[in-house]
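Notes to accompany the following structure.
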């Protein structure tokens with residue numbers, strides 16, 4: 012039997028939990044009982060939010076200004092960011108962060124009680140609030156504790172969203188630019204029972220995080236497989252800016268490890284200096300901001316140095332930094348380097364390489380997180396708000412998620428009485444399907460997909476590489492579709508399905524862009540304009 016809710020939230024990171032929390036508080040205060048379901052495909056705290064180290068950006072110090080933060084964001088985004096969205100996010104940032112603090116989030120403070128504000132690449136001032144080097148985990152902890160205190164919210168762990176339910180499921184033909192398409196919830200795999208259940212809801216929010224596992228090397232957790240983007244695309248949502256894949260310049264060099272351990276941008280803000288294996292600095296050859304240049308520039312610089320030298324990594328030197336203060340700011344990074352690689356940061360350099368880190372594009376939404384499908388919202392990394400443009404400014408991602416979680420909440424409450432659920436929606440039908448005898452096909456297809464995207468649609472691209480990626484992806488798609496039609500759904504089969512579709516959207520967008528902007532760099536375009 013279908014489960015009925017007023018609101019369905021798919022994802023339990025900062026965007027989803029802040030949205031659910033605000034809805035629960037609002038309706039509790041008005042005395043109107045509602046049911047809010049938050050589903051997450053593994054544990055509730057296993058999210059992209061949890062792995063965010065550096066912090067959350069906001070104008071906090073008196074010497075800083077909204078105008079400076081806005082301009083820094085526009086510059087980092089190569090002026091493809093929507094200025095009106097940038098202004099919204101920057102100006103609303105302090106109030107949203109105060110709410111996180113009210114929910115119980117802790118940020119590091121100076122001895123005098125003021126917040127310890129860090130500076131990261133691309134920022135013109137110190138404006139990053141942080142908690143050690145585990146800021147995301149601290150925000151996640153506080154939000155989960157807050158949601159647990161609100162009876163309207165029910166968190167379903169180990170529930171995997173398979174597909175959105177829309178007018179298509181009423182037997183109607185739906186086109187991508189229809190204005191009257193509607194979302195009624197989702198088909199959800201209960202991984203405890205293996206059964207697909209209907210979670211019907213008047214309003215649905217996608218807050219499913221990133222796409223990192225489309226690539227071989229990523230800082231994202233293993234759950235980041237682009238599920239929300241692929242579901243929305245299948246449901247006829249519009250996706251935008253998918254070519255802009257941010258590679259973090261400094262993931263710890265540990266061949267074969269997934270996810271890669273992140274060496275926070277804040278380490279360079281603290282004074283870390285990039286060097287070649289020979290111990291020579293090189294960022295002066297690429298940008299006047301040196302190691303504090305935006306991520307796209309730093310990642311391409313490292314990629315270029317590695318290709319010129321043939322070395323498997325470069326170094327990050329923090330040996331000159333105040334050790335006690337470094338440990339105070341980055342205890343997790345210090346301990347991980349010491350315990351896993353035997354690196355003593357007082358005298359050893361840290362080996363680093365770029366790794367896929369963040370998607371600047373995603374499901375296109377307006378300034379209130381609304382998609383082109385009625386009563387379907389998206390927030391966080393799976394969405395494309397226009398904030399990031401061609402490249403995300405450091406520590407603007409947690410900020411975007413909490414600002415748009417709030418704005419989606421405002422519009423959801425405004426439209427709540429207009430939402431309804433039809434009675435004749437069909438339950439999931441898997442008649443004629445079987446459990447696959449072996450999943451080695453899924454494993455092999457995923458490895459090939461990761462290889463294609465990493466080698467052909469990575470930091471530096473060419474027309475030939477992208478064409479080859481699309482041709483090979485089509486063969487994987489056809490092979491997987493046959494397996495999907497014959498099989499009962501499982502996490503792994505559905506995740507691969509979603510990763511194939513996300514890869515298609517990335518390649519298609521990259522092939523369609525005919526200029527080099529931000530994170531998209533096509534060597535053939537550079538040759539044409541040289």
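Numbering (the numbering used here), first residue to last: 12 to 541.
Glycine included, C-beta positions come from ideal geometry on N, C-alpha and C.
Within the DSSP bridge table, the entry for residue 307 names no partner. Short of 6 Å from the beta carbon of residue 236, and not among the five residues preceding or following it, lie these beta carbons of its own chain, in chain order: 224, 506, 509, 510.
Burial is judged here by how many other beta carbons sit within 10 angstroms of a residue's own beta carbon; residue 451 has fewer than 16 and is exposed. With contact defined as three or more Cβ pairs closer than 8 Å, the region 94 to 108 and the region 406 to 418 are in contact. Secondary structure of residue 239 (DSSP, three-state): helix. Taking 8 Å as the upper bound for CB-CB distance, residue 384 and residue 177 are in contact here, some 6 Å apart. Around residue 282, the same chain offers 329, 331, 332 as residues with beta carbons nearer than 8 Å, after the five sequence neighbours per side are excluded. Of the residues 335, 408, 175, 269, the one whose Cα lies closest to the Cα of residue 439 is 175.
Close CB contacts of residue 453 within its chain, under the 7 Å cut and outside five residues either way in sequence, are with 503, 504, 507 (chain order). The C-alpha of residue 351 lies about 40 Å from the C-alpha of residue 535. In this structure, DSSP gives residue 457 a helical state, which the three-state scheme calls helix.
Judged by DSSP secondary structure, residue 423 falls within the alpha helix (DSSP H) whose first and last residues are 408 to 426. Per DSSP, the continuous alpha helix (DSSP H) segment holding residue 486 begins and ends at 474 to 497. Residues 477 of the same chain have their beta carbon placed closer than 6 Å to that of residue 522, with the five preceding and five following residues left out of the count. A check of alpha carbon separations from residue 501 across 529, 165, 444 identifies 444 as the nearest. When the beta-carbon positions are compared, residue 480 and residue 464 come within less than 8 Å of each other. Boundaries of the alpha helix (DSSP H) around residue 334: 334 to 340. Residue 388 is positioned such that its CB atom lies closer than 8 Å to that of residue 216.
Secondary structure at residue 373: strand, using DSSP grouped into helix, strand and coil. Taking 8 Å as the upper bound for CB-CB distance, residue 302 and residue 313 are not in contact here, some 10 Å apart. Fewer than three beta-carbon pairs drawn from the region 289 to 301 and the region 256 to 276 are found closer than 8 Å, and the two stretches are therefore not classed as touching. As a beta-bridge residue in DSSP terms, residue 528 pairs with 531. Across the set 27, 34, 25, the C-alpha of 34 shows the shortest separation from the C-alpha of residue 421.
Within the region 144 to 184, the runs of beta strand (DSSP E) at least 3 residues long that lie entirely inside it are, in chain order, 164 to 168, 170 to 177. Contact between residue 55 and residue 23 is confirmed by a C-beta separation of about 5 Å, below the 8 Å threshold.
Residue 424 is positioned such that its CB atom lies closer than 8 Å to that of residue 37. For residue 84, the uninterrupted alpha helix (DSSP H) run begins and ends at 77 to 87, by DSSP. Bridge partners of residue 128 according to DSSP: none are assigned. A distance below 7 Å between beta-carbons, with the five flanking residues on each side excluded, links residue 232 to the following residues of its chain, in chain order: 57, 59, 62, 270.
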